[in-house]
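Protein sequence lines correspond, in order, to chains A, B, C and D.
Everything in the first sequence is counted per my numbering, starting at 1 for the first residue and increasing by one.
Everything in the second sequence is counted per my numbering, starting at 1 for the first residue and increasing by one.
Everything in the third sequence is counted per my numbering, starting at 1 for the first residue and increasing by one.
Everything in the fourth sequence is counted per my numbering, starting at 1 for the first residue and increasing by one.
4 protein chains.
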Amino acid sequence: MSDTNARAHTGSRRNEAARAAILAAAAELLAEHGSSGVTVDRIAAHAGVGRQTIYRWWPSKDAVLLDALVHSAEAAVPVPDTGSLRADLEIFLRETFLAAGIERNRQALIAAVVAARDDPGLAGSLDDFLIRRRAALSEVLRRSHSRGELGSDSGIELAVEQAFGVLWYRILFRPAALAPADAAELAAALTAQLHGTSTGQRTATP
Amino acid sequence: MSDTNARAHTGSRRNEAARAAILAAAAELLAEHGSSGVTVDRIAAHAGVGRQTIYRWWPSKDAVLLDALVHSAEAAVPVPDTGSLRADLEIFLRETFLAAGIERNRQALIAAVVAARDDPGLAGSLDDFLIRRRAALSEVLRRSHSRGELGSDSGIELAVEQAFGVLWYRILFRPAALAPADAAELAAALTAQLHGTSTGQRTATP
Amino acid sequence: MSDTNARAHTGSRRNEAARAAILAAAAELLAEHGSSGVTVDRIAAHAGVGRQTIYRWWPSKDAVLLDALVHSAEAAVPVPDTGSLRADLEIFLRETFLAAGIERNRQALIAAVVAARDDPGLAGSLDDFLIRRRAALSEVLRRSHSRGELGSDSGIELAVEQAFGVLWYRILFRPAALAPADAAELAAALTAQLHGTSTGQRTATP
Amino acid sequence: MSDTNARAHTGSRRNEAARAAILAAAAELLAEHGSSGVTVDRIAAHAGVGRQTIYRWWPSKDAVLLDALVHSAEAAVPVPDTGSLRADLEIFLRETFLAAGIERNRQALIAAVVAARDDPGLAGSLDDFLIRRRAALSEVLRRSHSRGELGSDSGIELAVEQAFGVLWYRILFRPAALAPADAAELAAALTAQLHGTSTGQRTATP
DNA sequence: CCCTAAACGAGACGGTACGTCCGGTCTTAAT
DNA sequence: ATTAAGACCGGACGTACCGTCTCGTTTAGGG
């Protein structure tokens with residue numbers, strides 16, 4: 001627990017400090033013990049909270065972990081706007097890779113996948129999160145298109161998915177390849193692809 | 001239990017039918033209840049097997065699931081050789097997407113990720129599997145390079161990871177986008193990217 | 001809640017209506033769900049009262065239950081004085097058995113035993129109650145002795161305990177044997193015993 | 001835990017040593033911490049047993065405690081046969097009072113009452129136990145009757161209940177009055193009553 | 001006539017025990 | 001020696017209550 005001093009009670013209003021302490025404890029334990037080492041009891045003890053206070057506000061342990069992820073990872077990566085597709089892409093991916101490469105975050109992301117596996121509610125929350133991330137990257141690419149850098153915007157959605165696909169593949173299976181240089185390489189390849197495919201992508205299946 | 005008729009005992013030899021029944025039961029339960037609905041008891045009951053028979057041959061429940069995956073998914077996708085990069089890529093991805101799109105297989109793949117999360121041994125096995133898959137696709141692309149279709153082989157590894165990245169992203173988060181047309185679209189984009197980067201990656205950003 | 005209309009607030013004075021509602025709710029829930037089905041939350045909800053209003057005036061849930069018992073059972077049985085030991089005893093026991101035989105009261109008595117089990121304060125209160133009850137019956141018997149009906153008062157205390165012993169045994173284990181006829185039978189036996197011991201154990205009552 | 005050495009496993013047969021250890025631990029904790037200090041976790045830890053092993057064989061914590069009582073208290077009091085009503089009664093009551101006066105047993109008896117309150121199954125088990133105890137004392141008195149010591153056997157059942165009534169009243173409310181002398185006094189009074197009421201008890205209600 | 005003080009309904013909180021579920025180990029009896 | 005069966009220890013899960021605490025509201029009664 002970061003805060004050994006007792007929290008002030010808030011009467012019959014939800015105690016925001018307890019909420020924050022729970023999410024912080026969940027994130028910290030995740031990073032420290034790996035996702036299977038996180039226990040509701042441990043979260044509660046670490047946050048200096050009763051177990052029921054967790055279950056009063058989240059339906060399950062996994063929901064807490066997912067919430068901890070979304071709330072912490074959401075604001076981590078800004079949407080750059082340098083005027084250059086290549087630069088914007090590189091910044092976006094570099095920051096994203098950096099954030100995902102931190103073990104604490106990586107564990108949280110994996111835990112979120114696991115958590116969403118069986119709980120439709122959590123799957124929905126995770127999906128929302130992922131949609132927002134894709135939208136953020138799409139915006140970067142669409143901005144480039146409106147500047148006239150790309151001949152067509154038809155390949156944007158797929159490029160976005162290639163970017164996040166590589167990201168998640170490495171989060172899951174190759175965490176060593178989440179360095180800034182890896183992000184730059186990916187940014188270069190996607191930039192080339194977006195420029196190159198502006199003419200003839202739609203001839204897909206003859 | 002699929003097989004109500006009692007299996008013949010095999011005395012002091014390992015009962016191969018039991019082994020097969022266990023893997024089949026694991027796969028079936030995975031497809032039916034999702035990966036958190038699979039328990040050792042259920043596998044044993046479903047396979048008509050004692051619990052110890054499972055633990056005699058696999059070190060843990062997760063190992064069974066991973067085994068079920070590897071043994072079933074390994075031989076599913078052949079390495080095509082039509083003489084055309086575009087065609088080879090499309091065939092490979094179409095078959096891969098098709099296999100991964102079957103719910104039973106998809107659940108097995110996800111379960112494998114989960115299983116590997118905390119067990120280094122299983123992570124190694126899964127990694128071996130993934131390396132073999134990447135090698136298979138690499139071979140397709142390298143063959144194209146040796147035919148002179150691509151100017152350089154520098155982008156091959158990244159393209160492979162983009163392909164599997166999109167695959168896994170969709171397995172995890174967008175199972176609806178695993179149709180043959182989606183595979184074709186991805187094949188087209190990657191083909192263009194590989195051709196483009198072979199001549200002039202530096203034309204990307206002026 | 002029996003009274004759906006909101007109680008009038010009483011400002012900074014204790015709300016007597018709330019107190020009564022709490023005791024009534026406790027008694028009602030006791031009779032309805034048995035003593036383990038009574039919770040503070042349920043009492044509060046049933047009485048239309050905040051939980052703290054209970055804890056403001058009673059130190060624990062058990063104290064409420066014991067209070068409900070004492071206040072309701074105390075005045076139920078009068079001390080008869082007909083001039084005849086046999087008649088007085090019969091009246092006293094009949095009324096006592098009748099009161100204890102009502103399920104609501106019986107549950108309250110049992111709950112009191114349970115409540116007193118671990119809380120010394122409540123045990124003291126219950127003990128006071130029981131002493132008062134024994135004193136009431138003792139008075140009946142001693143009055144008979146002062147009338148000269150009994151040769152000696154040496155057996156009175158034991159007879160009192162036999163009476164209440166049978167009562168409690170039946171409250172706890174044989175509620176069906178709390179009918180008026182059972183009380184009369186016990187009164188007869190105790191009368192005979194008191195007469196017998198007053199003169200001499202050896203004479204079998206001529 | 002009394003036995004730190006690991007118990008031998010018994011395969012798929014119930015482990016009788018574990019059963020005994022559980023009952024012993026329950027009784028010991030009851031005597032040590034009072035009935036509200038007994039926890040399933042503590043019983044399990046004290047007995048060196050998994051919690052589930054308790055729940056596999058008993059439906060609830062209370063059932064364990066009741067079982068501990070019945071199995072331990074059953075054989076404590078023999079049925080005496082000296083040829084004298086007074087002597088038999090005194091022996092029986094003295095032994096009974098002695099056993100009930102031991103704090104461990106007293107706690108168990110009270111816990112049994114509490115446990116039986118809401119669980120019909122437990123109530124049945126406790127009732128069986130009490131019926132057996134009453135039958136044991138009845139036998140003593142009936143034997144006296146068949147020897148011709150008593151004119152009638154009509155007061156036997158009530159006398160039995162007076163004896164156990166006083167016993168339970170004191171178990172619950174006056175544990176100090178469970179000494180051998182108290183048992184002797186009760187035996188004397190009951191003997192006198194049985195001799196005296198042989199003629200005229202049934203005139204109860206005119 | 002307002003202002004303070006206490007009681008009230010409401011309900012979140014820290015904590016403890018419950019009874020369930022499952023993982024992985026061990027033993028027996030049958031094959 | 002291998003199997004089916006299933007008891008066993010350990011430990012996490014999510015629920016139910018207890019008794020405490022704080023809010024914002026309501027009223028009575030003193031200044």
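Even for Gly, the Cβ is constructed at its ideal location relative to N, Cα and C.
A quick note: this is a predicted structure, and the numbers were derived from the prediction, not measured.
Where residue i falls, given that 16 or more other Cβ within 10 Å makes a residue buried
i: residue 192(A); result: buried
i: residue 9(C); result: exposed
i: residue 22(A); result: buried
i: residue 195(D); result: buried
i: residue 165(B); result: buried
i: residue 37(D); result: exposed
i: residue 46(B); result: buried
i: residue 199(A); result: With a pLDDT of only 38 at residue 199(A), under 50, the local geometry of the prediction cannot be trusted, and the value read off the model is given with reservation. Exposed, by the Cβ-count rule.
i: residue 131(D); result: exposed
i: residue 48(B); result: buried
i: residue 149(A); result: buried
i: residue 173(C); result: buried
i: residue 112(A); result: buried
i: residue 76(D); result: exposed
i: residue 146(B); result: exposed
i: residue 12(D); result: exposed
i: residue 152(C); result: exposed
i: residue 181(C); result: exposed
i: residue 18(C); result: buried
i: residue 56(D); result: exposed
Where the alpha helix (DSSP H) through residue i begins and ends
i: residue 168(C); result: 156-173
i: residue 71(A); result: 61-73
i: residue 57(B); result: 51-57
i: residue 128(B); result: 120-146
i: residue 22(B); result: 16-33
i: residue 102(C); result: Element bounds for residue 102(C): n/a, residue is neither H nor E.
i: residue 9(A); result: Segment: none, residue 9(A) is in no alpha helix (DSSP H) and carries neither H nor E.
i: residue 191(A); result: 180-196
i: residue 40(C); result: 40-47
heavy atom of the ligand MG below 7 Å from residue i C-beta
i: residue 144(D); result: Of ligands this structure carries none, so the ligand MG is not represented either.
Segment contact flag, the region 87-96 of chain C with the region 50-57 of chain C, C-beta cutoff 8 Å, min 3 pairs: no
Meets three-Cβ-pair contact criterion under 8 Å: the region 124-131 of chain C and the region 182-196 of chain C: no
Cβ contact check for the region 101-110 of chain D and the region 151-164 of chain D: 3 or more pairs under 8 Å: no
The region 28-46 of chain D touching the region 74-85 of chain D, judged by at least three CB pairs closer than 8 Å: no
Segment contact, 8 Å Cβ cut-off, at least three pairs: the region 110-124 of chain A with the region 56-66 of chain A: yes
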